[in-house]
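Engineer: Count along the sequence shown from 1, add 10, and you get the number used in the working numbering.
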Amino acid sequence: MTYAEIIKKAIDGRKVVELRYKDVPRKVRPHILGFVGTGQLALSGWQTSGTGAGWRLFHVADIADLSATNVSFLKAAPGYNPDDPAFYRIIDRI
C-alpha cells in the first residue's frame, strides 16, 4: 500500500497516523490529502505529538515510517477548513 493510500484510508476511517518527518516521530490526525501549489502531494493534519500540537502541512515525499493506528478521532480539529486554499486539488478530506 502506498503512503497516499494509507493516508486516504486513515482519513476515511478517522484514524490517527504515526510518521517520521524531518527525522522527528509524530502522531497526526489526518484531515486533507491533496496537491499543493508546488505540485507536491501533501497531508494537512493536526499534530498531537512531535514538535508541538497544531496544524501542520507534510509533503508526502518527505514522510518516512508511516502507519495508521487504531486510535480514532471523532471530529475535526479546531480551525479546520475543508477548502484549505493551500491545496489546488484535494484527493480526500474528512
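For glycine and all other residues, C-beta sits at the position ideal for the given N, C-alpha and C.
Is the number of C-beta pairs between the segment 41 to 49 and the segment 24 to 31 that are closer than 8 Å three or more?
Structural biologist: No, they do not touch.
Engineer: What is the residue span of the alpha helix (DSSP H) that Y90 lies within?
Structural biologist: In the sequence shown, the residue the question calls residue 90 occupies position 80. Run containing Y90: none; DSSP gives neither H nor E here.
Engineer: Is S54 buried or exposed, if buried means 16 or more other CB atoms sit within 10 Å of its CB?
Structural biologist: Here residue 54 corresponds to residue number 44 of the sequence shown, with the count starting at 1. Classification for S54: buried.
Engineer: Return the Cβ separation of V38 and W56 in integer angstroms, given the expectation that the two are a contact with Cβ distance under 8 Å.
Structural biologist: For this step, residue 38 is matched to residue 28 along the sequence shown. For this step, residue 56 is matched to residue 46 along the sequence shown. Yes, they are in contact, since the Cβ atoms of V38 and W56 sit about 7 Å apart, within 8 Å.
Engineer: In the DSSP assignment, find the beta strand (DSSP E) that holds K25 and state where it starts and stops.
Structural biologist: Here residue 25 corresponds to residue number 15 of the sequence shown, with the count starting at 1. It spans K25 to Y31 - the beta strand (DSSP E) in which K25 sits, taken as one unbroken run.
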